[in-house]
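*Asks:* The sequence shown lines up with residues 1 to 113 when you count with the UniProt record's numbering. Glycine included, each C-beta is placed from N, C-alpha and C at the ideal position. Note that the structure is a prediction, hence the values are computed from the model and not measured. Below is the structure I would like to discuss, written out as structure tokens.
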Amino acid sequence: MGKGRGGFPGGAMGGANMANLMKQAQRMQRQMEEAQAKLEETEVTGTAGGGVVEVTVTGSKEITKVHIDPEAVDPDDVEMLEDLVMAATNEALHKIDEITAASMPKMPGGLGF
1 MGKGRGGFPG GAMGGANMAN LMKQAQRMQR QMEEAQAKLE ETEVTGTAGG
51 GVVEVTVTGS KEITKVHIDP EAVDPDDVEM LEDLVMAATN EALHKIDEIT
101 AASMPKMPGG LGF
């Protein structure tokens, strides 16, 4: 006669398990989209030189603000200012990476994604 319903091993139970996995996958997708949207609204600031240089970065890693205190500007030592800007930017990016890792939903074991 005909083949088993749905073509899954275990008949109707196999189909129910597959439907459950699909629901879990859809729920995780929504959670990841929500976390990503929230992350994009997040801003963090990295500082260097005791706060004389500040760099603000969004969750999508766009620099939105750079503040340089005039006392950090020494025309005879431009390299120092460059290093401070680089250090503040890297600190802000590391903060975003940490927030990203902490805010993304954890994958349950055994889903095989």
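Is it true that the stretch 25-33 meets the stretch 94-102, where meeting means three or more beta-carbon pairs spaced less than 8 Å apart?
*Replies:* Contact between the stretch 25-33 and the stretch 94-102 is absent, because fewer than three Cβ pairs lie under 8 Å.
*Asks:* Tell me which residues share the same chain as threonine 89 and place their Cβ nearer than 8 Å to its Cβ, disregarding the 5 neighbours each side in the sequence.
*Replies:* Correct list, in chain order: Gly46, Val55, Val57 and Ile63.
*Asks:* I'd like to know whether the C-beta atoms of valine 44 and alanine 101 end up nearer to each other than 8 Å.
*Replies:* No, they are not a contact pair.
*Asks:* Using only alpha-carbon positions, find the residue among Gly59, Val53 and Met104 that is nearest to aspartate 83.
*Replies:* Aspartate 83 has its Cα closest to that of Val53, out of Gly59, Val53 and Met104.
*Asks:* Can you tell me where the alpha helix (DSSP H) holding valine 85 begins and where it ends?
*Replies:* Valine 85 -> alpha helix (DSSP H) spans 78-103.
*Asks:* Helix, strand or coil for glutamate 40 per DSSP?
*Replies:* Correct three-state label for glutamate 40: helix.
*Asks:* When the Cα atoms are used, what is the spatial distance from glutamate 40 to valine 66?
*Replies:* Straight-line Cα distance between these residues: approximately 18 Å.
*Asks:* At a cut-off of 7 Å, would you count glutamate 62 as near the ligand SAM, judging by its Cβ distance to the nearest heavy atom?
*Replies:* Annotation note on the ligand SAM: not contained in the displayed structure, which lists no ligands.
*Asks:* By the DSSP assignment, the beta strand (DSSP E) with valine 66 in it spans what residues?
*Replies:* Run containing valine 66: 63-68, per the beta strand (DSSP E) assignment.
*Asks:* Could you have a look at glycine 59 and say whether DSSP puts it in helix, strand or coil?
*Replies:* Coil, per DSSP.
*Asks:* Looking at the strands, I want to know which residues DSSP matches up with glycine 46.
*Replies:* According to DSSP, which records beta bridges pairwise, glycine 46 is partnered with Val55.
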